[in-house]
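S.K.: Please read through the structure below; I'll follow up with questions.
Numbering (the numbering used here), first residue to last: 179 to 348.
Right, here's the structure in full:
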């Protein structure tokens, strides 16, 4: 699917991420639509940013070999704008996912709710800091906010926070 342009990128991301989430929900027979849709949107955004980053990083080799990836077939400026948009949407959807977790655990222990509330507050503060940093850096360069390139606030917001912090605390 890598060589099918943007549609292949979306299909691969959907297959790699949607199906396991849907299987997890099916195993636990949980089919409440709104939380499921919100979590699936976040998962799709995470997958698209990850896959777009890989294609951006492989652009030089793919263009040399005429591999028809999304990065090669789409204008580079447009691709970078799409990547930045996906990163922003991912950052916006994570607190929404935290709210969904708070909703799903409303009958659970108070300790879980306190953890989730604290996570939400911490994330919101870090999110505001990221917006401030981006407003100071008017260039809006892709490398500045790419969480896959450097250890910085963006890596923490996109990778460490959802994959490690939330997982360990829940």
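Even glycine gets a Cβ: it sits at the ideal position worked out from N, Cα and C.
Rounding to the nearest angstrom, what Cα-Cα distance links residue 194 and residue 225 in this structure?
M.R.: 8 Å
S.K.: Looking only at C-alpha atoms, which of 292, 227 and 239 sits nearest to residue 336?
M.R.: 227
S.K.: What's the call for residue 212, buried or exposed, on a 16-neighbour Cβ count within 10 Å?
M.R.: exposed
S.K.: Take residue 279 and list the residues in its own chain whose beta-carbon comes closer than 7 Å to its own, dropping the five residues that flank it on each side.
M.R.: 294
S.K.: Can you tell me where the alpha helix (DSSP H) holding residue 262 begins and where it ends?
M.R.: Residue range 254-282 is occupied by the alpha helix (DSSP H) that includes residue 262.
S.K.: Taking DSSP's pairing of strands, which residues face residue 247 in a bridge?
M.R.: 183
S.K.: How far does the alpha helix (DSSP H) with residue 211 in it reach, from first residue to last?
M.R.: 211-235
S.K.: Using only the alpha-carbon positions, how far apart do residue 264 and residue 258 sit?
M.R.: 10 Å
S.K.: Buried or exposed, going by whether 16 or more other CB atoms sit within 10 Å of the CB of residue 329?
M.R.: exposed
S.K.: Counting only the same chain and skipping the five closest in sequence on each side, list residues whose C-beta sits under 6 Å from that of residue 333.
M.R.: 325
S.K.: What would DSSP say about residue 206, mapped onto helix, strand or coil?
M.R.: coil
S.K.: Which value, in whole angstroms, describes the spacing of the CA atoms of residue 311 and residue 207?
M.R.: 42 Å
S.K.: Are the CB atoms of residue 251 and residue 183 within a distance shorter than 7 Å?
M.R.: Contact: yes.
S.K.: Below 7 Å CB to CB, which residues in the same chain sit around residue 199 once its five sequence neighbours on both sides are set aside?
M.R.: 217, 218 and 221
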